[in-house]
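A quick write-up on the structure given underneath.
Protein chains: 2
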Amino acid sequence: MTIGPDPEDLTARARIRDAALRHFGEHGFERATIRGIAETAGVSSGLVRHHFGSKEALREACDDYLAKLVRRINDQVRADTLPSDVNYVAVSRAALGPYQRYVARALAEGRAEIVFDELVRMSEEWIEEIDRGRPDPSPVPRKARAAVGTAMALSVSVLHQHLSRAMGVEVYSPEGDRLLAQALIDIYSHPMLSLEDAAKYQEVLDQQG
Amino acid sequence: MTIGPDPEDLTARARIRDAALRHFGEHGFERATIRGIAETAGVSSGLVRHHFGSKEALREACDDYLAKLVRRINDQVRADTLPSDVNYVAVSRAALGPYQRYVARALAEGRAEIVFDELVRMSEEWIEEIDRGRPDPSPVPRKARAAVGTAMALSVSVLHQHLSRAMGVEVYSPEGDRLLAQALIDIYSHPMLSLEDAAKYQEVLDQQG
DNA sequence: CCTATGCCTATACGTACGTATAGTAGACTT
DNA sequence: AAGTCTACTATACGTACGTATAGGCATAGG
Numbered sequence: 088m089t090i091g092p093d094p095e096d097l098t099a100r101a102r103i104r105d106a107a108l109r110h111f112g113e114h115g116f117e118r119a120t121i122r123g124i125a126e127t128a129g130v131s132s133g134l135v136r137h138h139f140g141s142k143e144a145l146r147e148a149c150d151d152y153l154a155k156l157v158r159r160i161n162d163q164v165r166a167d168t169l170p171s172d173v174n175y176v177a178v179s180r181a182a183l184g185p186y187q188r189y190v191a192r193a194l195a196e197g198r199a200e201i202v203f204d205e206l207v208r209m210s211e212e213w214i215e216e217i218d219r220g221r222p223d224p225s226p227v228p229r230k231a232r233a234a235v236g237t238a239m240a241l242s243v244s245v246l247h248q249h250l251s252r253a254m255g256v257e258v259y260s261p262e263g264d265r266l267l268a269q270a271l272i273d274i275y276s277h278p279m280l281s282l283e284d285a286a287k288y289q290e291v292l293d294q295q296g
Numbered sequence: 088m089t090i091g092p093d094p095e096d097l098t099a100r101a102r103i104r105d106a107a108l109r110h111f112g113e114h115g116f117e118r119a120t121i122r123g124i125a126e127t128a129g130v131s132s133g134l135v136r137h138h139f140g141s142k143e144a145l146r147e148a149c150d151d152y153l154a155k156l157v158r159r160i161n162d163q164v165r166a167d168t169l170p171s172d173v174n175y176v177a178v179s180r181a182a183l184g185p186y187q188r189y190v191a192r193a194l195a196e197g198r199a200e201i202v203f204d205e206l207v208r209m210s211e212e213w214i215e216e217i218d219r220g221r222p223d224p225s226p227v228p229r230k231a232r233a234a235v236g237t238a239m240a241l242s243v244s245v246l247h248q249h250l251s252r253a254m255g256v257e258v259y260s261p262e263g264d265r266l267l268a269q270a271l272i273d274i275y276s277h278p279m280l281s282l283e284d285a286a287k288y289q290e291v292l293d294q295q296g
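Same order as they appear, the protein sequences are chains Z and R.
All the letters of the first sequence, read from the start, carry residue numbers 88 to 296 under this note's numbering.
All the letters of the second sequence, read from the start, carry residue numbers 88 to 296 under this note's numbering.
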């Protein structure tokens, strides 16, 4: 049970949307119920329908909300910092914080396209920066690498339960977060493949293609 | 609609389990129906209950089946090849092939723990190999790195829809697979962070902690 | 020959939940 | 003051789907 903003502070409509984000995030879309959402929003189930029309439309409203949010975050990050200056992944994770469970679920279901694509866009800029300091230009399009990199970064959120279990510490706890950060730094700074091995694999690919 | 083994070849029980894997994988657990599963298995819905007791138990049977499968795969890989010799990720992906959608969904829901943990085990051995050729020993436990690495590797499956959209080519198609493989090779062989940057971040972490 | 056991079907039951309807209360307009 | 619009509640409706029940049909054991 993650806590969000005080329900009193929001309009009923916003409270419903927020409750929906929580319920969808915690139980998944199918298992979440309109009645349950209405209850935590402190309204009748009829009002949910009044404002959003249907459960599906409510979900879309949630997606839209997050899409706008991630765009705002991106614009802000871009304005505030140089791409290389900070790991955009961490920023996004922090900012999407309260909604991480929803985002993770939505992404796994193939939804929230805009969220993913915006992160890819950010990633692309970051990679562009990195590419500048790279002796050998990459043969694979930046966008493809950005997409894969984004997916990898998001896997932490999407698979957080498994990660927590395997690492022996809840990743959303302070110690977990710390250990995770260290692991990420280590992984991101140490290639898993030597350039020779990479060339070898690439060669195999070329033969196949 | 992915095709599996010829339903005639299997016992009814196996056919049901296979149909369940497909339905759960394609529609998700909640949206999949016993009746639907029974239909594609070519049996009555009553028989599903007869053999598995309940929908939830049916899902558990699916998880168990995959757990056994992944263990078999791991043992075989370990017997056949040196860890460094082949990317275990690719092997697993290939072997889990027909069930990828199910696995992806199950993992995203925090299920199929054994599958994840087995992959971590494999990853650990691989990383052990890599660590040997590494000048600076990593300060972070191998298991943690293996867990994160595994999650990252699996993100391709879990987020395949987004990946396909962002890369502009279906990742499960031949070209998509090829592009993906190239991107992975490139990413795995080129660190995103320089050692200096890594040290910098690590320092920030140390100050915080 | 009989009953028992396992595989299987057809049908019925109960209910949770999305959706629809009808209606109330207050604010705003003219 | 009358009309109407919006926010909201309470209640009712319909149904999809998991589960339960009862029974058929074969093979096997005694």
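Quick reminder that beta carbons are idealized off the backbone N, C-alpha and C, glycines included.
Only a predicted model underlies this, so the values are computations on that prediction, with no experimental measurement involved.
Residue 287 (chain Z) - DSSP class collapsed to helix/strand/coil = As a first step, residue 287 (chain Z) is located in the first sequence; it is residue number 200 there, counting from the start. If DSSP states are grouped into helix, strand and coil, residue 287 (chain Z) belongs with the helices.
Spatial distance of residue 228 (chain Z) from residue 256 (chain Z) (CA atoms) | As a first step, residue 228 (chain Z) must be located in the first sequence, where it is residue number 141. As a first step, residue 256 (chain Z) must be located in the first sequence, where it is residue number 169. Each residue's alpha carbon lies about 37 Å from the other.
Excluding sequence positions up to five away, which residues of its chain have a Cβ less than 8 Å from the Cβ of residue 297 (chain Z)?
-> Because chain Z here runs from 88 to 296, residue 297 (chain Z) falls outside it and cannot be looked at.
Nearest chain R C-beta to residue 226 (chain Z) closer than 8 Å, yes or no?
-> Stepping through the first sequence from its first residue, residue 226 (chain Z) is reached at position 139. Yes, residue 226 (chain Z) counts as interfacial toward chain R.
If the cut is a Cβ gap below 9 Å, which residues of chain R does residue 209 (chain Z) touch?
-> Position 122 of the first sequence, counted from the start, is the residue given in the question as residue 209 (chain Z). The premise fails here: residue 209 (chain Z) is roughly 12 Å from chain R at the closest Cβ pair, so nothing lies under 9 Å.
So, does the CB of residue 278 (chain Z) fall closer than 8 Å to a CB anywhere in chain R?
-> Along the first sequence, one-based indexing puts residue 278 (chain Z) at 191. Interface residue, yes.
Shorter than 8 Å from the beta carbon of residue 273 (chain Z) to some beta carbon of chain R?
-> For this step, residue 273 (chain Z) is matched to residue 186 along the first sequence. Chain R, which has a Cβ nearer than 8 Å to the Cβ of residue 273 (chain Z), makes this yes.
Under 8 Å, do residue 148 (chain R) and residue 102 (chain R) count as touching if we go by C-beta distance?
-> As a first step, residue 148 (chain R) is located in the second sequence; it is residue number 61 there, counting from the start. As a first step, residue 102 (chain R) is located in the second sequence; it is residue number 15 there, counting from the start. Contact flag unset, no.
With a CB to CB cut of under 8 Å and the five nearest residues on each side skipped, what residues in its chain are close to residue 230 (chain Z)?
-> As a first step, residue 230 (chain Z) is located in the first sequence; it is residue number 143 there, counting from the start. Once the five neighbours on either side are set aside, the close Cβ partners of residue 230 (chain Z) are 207 and 211.
Just the C-alpha distance for residue 78 (chain R) and residue 249 (chain R), rounded to the nearest angstrom, thanks.
-> In the structure displayed, chain R extends from 88 to 296; residue 78 (chain R) sits before or after that span and is not available.
At least one CB of chain R closer than 8 Å to the CB of residue 249 (chain Z): is that the case?
-> For the purposes of this step, residue 249 (chain Z) is identified with residue 162 of the first sequence, where counting begins at 1. It does: the Cβ of residue 249 (chain Z) has a partner Cβ on chain R nearer than 8 Å.
If you compare alpha carbons, which of Z:205, Z:98, Z:224 and Z:268 is closest to residue 273 (chain R)?
-> Position 186 of the second sequence, counting from 1, holds the residue named residue 273 (chain R). Nearest option by C-alpha distance: Z:224.
What is the C-beta distance between residue 117 (chain Z) and residue 117 (chain R), in whole angstroms, given that I count them as a contact (C-beta under 8 Å)?
-> By one-based count along the first sequence, residue 117 (chain Z) stands at place 30. By one-based count along the second sequence, residue 117 (chain R) stands at place 30. So it is a contact: roughly 3 Å between Cβ atoms.
Min CB distance residue 139 (chain Z) to chain R below 8 Å = Locating residue 139 (chain Z) in the first sequence gives position 52, counting from the first residue. By this cut-off, residue 139 (chain Z) is not an interface position.
Report yes if the C-beta distance between residue 292 (chain Z) and residue 265 (chain R) is below 8 Å; otherwise report no.
-> Here residue 292 (chain Z) is taken as the residue at index 205 of the first sequence, counted from 1. Here residue 265 (chain R) is taken as the residue at index 178 of the second sequence, counted from 1. Yes, these two residues count as a Cβ contact at 8 Å.
Within 10 angstroms of the Cβ of residue 120 (chain R), are there 16 or more other Cβ atoms? Answer buried if so, exposed if not.
-> The count along the second sequence starts at 1 and reaches residue 120 (chain R) at position 33. When all chains shown are included, residue 120 (chain R) counts as exposed.
Please determine, among Z:183, Z:247, Z:137 and Z:132, the residue with the shortest C-alpha to C-alpha distance to residue 158 (chain Z).
-> Residue mapping note: residue 158 (chain Z) aligns to position 71 of the first sequence, counting from 1. Closest option to residue 158 (chain Z), Cα to Cα, is Z:183.
Can you tell me where the alpha helix (DSSP H) with residue 164 (chain Z) in it begins and where it stops?
-> Within the first sequence, residue 164 (chain Z) is the residue found at index 77, counting from 1. Note, residue 164 (chain Z): alpha helix (DSSP H), 142 to 167.
Taking residue 217 (chain R) as the query, report the chain Z residues whose CB atoms sit under 7 Å from its CB, ordered along the chain.
-> For the purposes of this step, residue 217 (chain R) is identified with residue 130 of the second sequence, where counting begins at 1. 279, listed in chain order.
Burial state of residue 133 (chain R), where buried means 16 or more other Cβ atoms lie within 10 Å | Walking along the second sequence from the start, residue 133 (chain R) turns up at place 46. The residue is exposed, with fewer than 16 neighbouring Cβ atoms inside 10 Å.
Cβ of residue 197 (chain Z) less than 8 Å from any chain R Cβ?
-> Working through the first sequence from its first residue, we reach residue 197 (chain Z) at position 110. Closer than 8 Å to some Cβ of chain R, the Cβ of residue 197 (chain Z) qualifies, so yes.
Residue 164 (chain R) versus residue 239 (chain Z): straight-line alpha-carbon distance, rounded | Within the second sequence, the letter at position 77 stands for residue 164 (chain R). Within the first sequence, the letter at position 152 stands for residue 239 (chain Z). So the two alpha carbons sit approximately 24 Å from each other.
Could you check what DSSP says for residue 119 (chain Z) in three-state terms: helix, strand or coil?
-> Taking the first sequence and counting its residues from 1, the one referred to as residue 119 (chain Z) is at position 32. Residue state, collapsed to three classes: coil.
Taking only the alpha-carbon atoms, compute the straight-line gap between residue 156 (chain Z) and residue 258 (chain R) and give it to the nearest angstrom.
-> Sequence index remark: in the first sequence, residue 156 (chain Z) carries index 69 (1-based). Sequence index remark: in the second sequence, residue 258 (chain R) carries index 171 (1-based). Whole-angstrom Cα-Cα distance: 28 Å.
Taking Cβ-Cβ distances shorter than 7 Å, what residues in chain Z pair up with residue 270 (chain R)?
-> Along the second sequence, read from residue 1 onward, the residue named residue 270 (chain R) stands at position 183. Under the 7 Å cutoff, chain Z gives 227, 231, 232 and 235.
Would a check of beta-carbon distances place residue 288 (chain R) closer than 8 Å to chain Z?
-> Your numbering for residue 288 (chain R) matches position 201 in the second sequence. Closer than 8 Å: yes.
Would you mind reading off the limits of the alpha helix (DSSP H) that contains residue 138 (chain R)?
-> Numbered from 1 along the second sequence, position 51 holds the residue referred to as residue 138 (chain R). Where residue 138 (chain R) is concerned, the enclosing alpha helix (DSSP H) stretches over 132 to 139.
According to DSSP, is residue 247 (chain R) helix, strand or coil?
-> As a first step, residue 247 (chain R) is located in the second sequence; it is residue number 160 there, counting from the start. DSSP places residue 247 (chain R) in helix when its eight states are reduced to three.
Which of the three DSSP states, helix, strand or coil, is assigned to residue 277 (chain R)?
-> For the purposes of this step, residue 277 (chain R) is taken as residue 190 along the second sequence, with counting starting at 1. It is coil, neither helix nor strand.
Per-residue burial, residue 233 (chain Z) [other beta carbons within 10 Å of its own, 16 or more giving buried] | The residue given as residue 233 (chain Z) occupies position 146 in the first sequence. It is buried - the Cβ of residue 233 (chain Z) has at least 16 other Cβ atoms within 10 Å.
Helix or strand or just coil, what does DSSP make of residue 226 (chain R)?
-> For the purposes of this step, residue 226 (chain R) is taken as the residue at position 139 of the second sequence. Of the three classes helix, strand and coil, the one that applies to residue 226 (chain R) here is coil, per DSSP.
Give every residue of the same chain whose Cβ lies closer than 6 Å to the Cβ of residue 289 (chain R), excluding the five residues on either side of it in the sequence, and list them in chain order.
-> By one-based count along the second sequence, residue 289 (chain R) stands at place 202. Answer for residue 289 (chain R): no residue qualifies.
Would you say residue 200 (chain R) faces chain Z, with C-beta separation under 8 Å as the test?
-> As a first step, residue 200 (chain R) must be located in the second sequence, where it is residue number 113. By this cut-off, residue 200 (chain R) is an interface position.
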